[in-house]
Amino acid sequence: MLNIAIVEDELPALEKLKAQLSRVCTHTLLFTCHSVQEGLASNELSKVDVLFVDINLPDASGMSLVTTLKNRGFVGECVFSTAYSEFAVEAFTIGAADYLLKPYTDERLSLALSRVNDRLNKPTAQLQEPEAFTLVSKVGDKVTLVKVSDICAIKLEHAQAIAYGSEASYPLDQSLDELMTLLPSQFLRVHRNSIVNSKEIKQMDRWVTGGYIIKFHQSEVQVISSRNGGRLLKDKLIR
Numbered sequence: 001m002l003n004i005a006i007v008e009d010e011l012p013a014l015e016k017l018k019a020q021l022s023r024v025c026t027h028t029l030l031f032t033c034h035s036v037q038e039g040l041a042s043n044e045l046s047k048v049d050v051l052f053v054d055i056n057l058p059d060a061s062g063m064s065l066v067t068t069l070k071n072r073g074f075v076g077e078c079v080f081s082t083a084y085s086e087f088a089v090e091a092f093t094i095g096a097a098d099y100l101l102k103p104y105t106d107e108r109l110s111l112a113l114s115r116v117n118d119r120l121n122k123p124t125a126q127l128q129e130p131e132a133f134t135l136v137s138k139v140g141d142k143v144t145l146v147k148v149s150d151i152c153a154i155k156l157e158h159a160q161a162i163a164y165g166s167e168a169s170y171p172l173d174q175s176l177d178e179l180m181t182l183l184p185s186q187f188l189r190v191h192r193n194s195i196v197n198s199k200e201i202k203q204m205d206r207w208v209t210g211g212y213i214i215k216f217h218q219s220e221v222q223v224i225s226s227r228n229g230g231r232l233l234k235d236k237l238i239r
């Protein structure tokens, strides 16, 4: 059974979420409140498994609430419930378990709770494994969580970072410099315009520029490294 709390200033939205939760899971609703300050002042926070947070609150952003809670050592999971898609990348960057765009169905809420349960039941050490990391791809109102372990390469194309997986490609909002601060050590910057997953490399052939043309197990995408990138990659693979 999950201990749930909700920070939502719009009464219709609050009542709808409460009704949906009653249909999709067994839970205890510890408290509801309408502002960031009320949320921070609650004596029940230490018992909360999952906190549902709206973005636009009367006194501050729901983002600031979650950031403050995490800095204070809050160990529960946070799910944003909002009508605004543009904050999704920031939400996942600060550790949100999910990001629900209003209006959402019972099925979508169930998926969010399933992700919460997975995170709550997974040992902390496992959460640090590369397979547990995700990046966020946003196209219009559609937000996709991309498992880092599924990415073969990330290329800069027309000033947009594109992650290539086994079956699809995903635009990312971060720069390649920013991505390199987020990705695990198996990812290497082999060119100013390219990052590769060293664990997914199938073949490397010398290229006319002095670098390598790199091919992957799970994707048809190919990457050409610089000379320095090729040396970096050889050092990594030979180790």
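Residue numbers (UniProt numbering): 1 to 239. We put the CB at the ideal spot given by N, CA and C, even for glycine. Predicted model, so just to flag it, every value in this text is computed and none were measured.
What does a CB cutoff of less than 6 Å around residue i pick up in its chain, not counting 5 residues either side in sequence?
| i | result |
| --- | --- |
| His217 | Glu200, Lys202 |
| Lys18 | none |
| Phe133 | Val148 |
Measure the beta-carbon distance from residue i to residue j and round it to whole angstroms, keeping in mind my assumption that it falls under 8 Å.
| i | j | result |
| --- | --- | --- |
| Leu30 | Lys47 | 6 Å |
| Ser114 | Leu101 | At roughly 17 Å, the Cβ-Cβ gap does not stay under 8 Å, so Ser114 and Leu101 are not in contact. |
| Ala83 | Val136 | Their Cβ separation, rounded to whole angstroms, is 18 Å, which puts Ala83 and Val136 out of contact at 8 Å. |
| Ser144 | Tyr170 | Checking the sequence shown, residue 144 turns out to be Thr, not Ser. Right, the Cβ-Cβ distance comes to about 6 Å (below 8 Å), so this counts as a contact. |
| Ala161 | Leu176 | 6 Å |
| Leu237 | Ser198 | 6 Å |
Work out the CA separation of residue j and residue i for me, nearest whole Å.
| i | j | result |
| --- | --- | --- |
| Ile213 | Ser225 | 6 Å |
| Phe74 | Asp49 | 10 Å |
| Glu44 | Cys78 | 15 Å |
| Tyr164 | Asn117 | 28 Å |
| Arg72 | Leu65 | 11 Å |
| Asp98 | Arg192 | 32 Å |
| Lys147 | Gln37 | 34 Å |
| Gly230 | Asn121 | 40 Å |
| Ser81 | Arg206 | 50 Å |
| Asp106 | Cys25 | 10 Å |
| Ala91 | Arg119 | 16 Å |
| Asp141 | Leu183 | 25 Å |
| Lys155 | Ser194 | 5 Å |
| Met204 | Glu157 | 22 Å |
| Ala112 | Val196 | 30 Å |
| residue 270 | Gly76 | Only positions 1 to 239 of the chain appear in the structure, and residue 270 is not among them; the question remains open. |
Between residue i and the rest of its own chain, which residues show a CB-CB distance below 8 Å, the 5 nearest in sequence each way excluded?
| i | result |
| --- | --- |
| His27 | Met1, Leu2, Asn3, Ile4, Leu21 |
| Ser166 | Asp150, Cys152, Gln218, Ser219 |
| Leu14 | Ile6, Glu8, Thr32 |
| Gly95 | Val66, Lys70, Cys78 |
Apart from the five residues on each side of it in sequence, which residues of its chain come closer than 7 Å, Cβ to Cβ, to residue i?
| i | result |
| --- | --- |
| Gln222 | Ile213, Ile214, Lys215 |
| Leu232 | Leu188, Val190 |
| Asp59 | Ser35, Val36, Gln37 |
| residue 240 | This structure cannot speak to residue 240, because the chain is shown only from 1 to 239. |
| Gly211 | Ile224, Ser225, Ser226, Arg227, Gly229, Gly230 |
Who pairs with residue i in a beta bridge, going by DSSP?
| i | result |
| --- | --- |
| Val208 | Per DSSP, none; premise fails for Val208. |
| Leu135 | Val146 |
| Val223 | Ile214 |
In chain order, which continuous runs of the alpha helix (DSSP H) of length 4 or greater are located wholly inside the UniProt domain "Response regulatory" (3-117)? 11-24, 36-41, 62-71, 88-93
Every unbroken alpha helix (DSSP H) within the segment 145-207, with a cutoff of 4 residues, ordered by chain: 176-182
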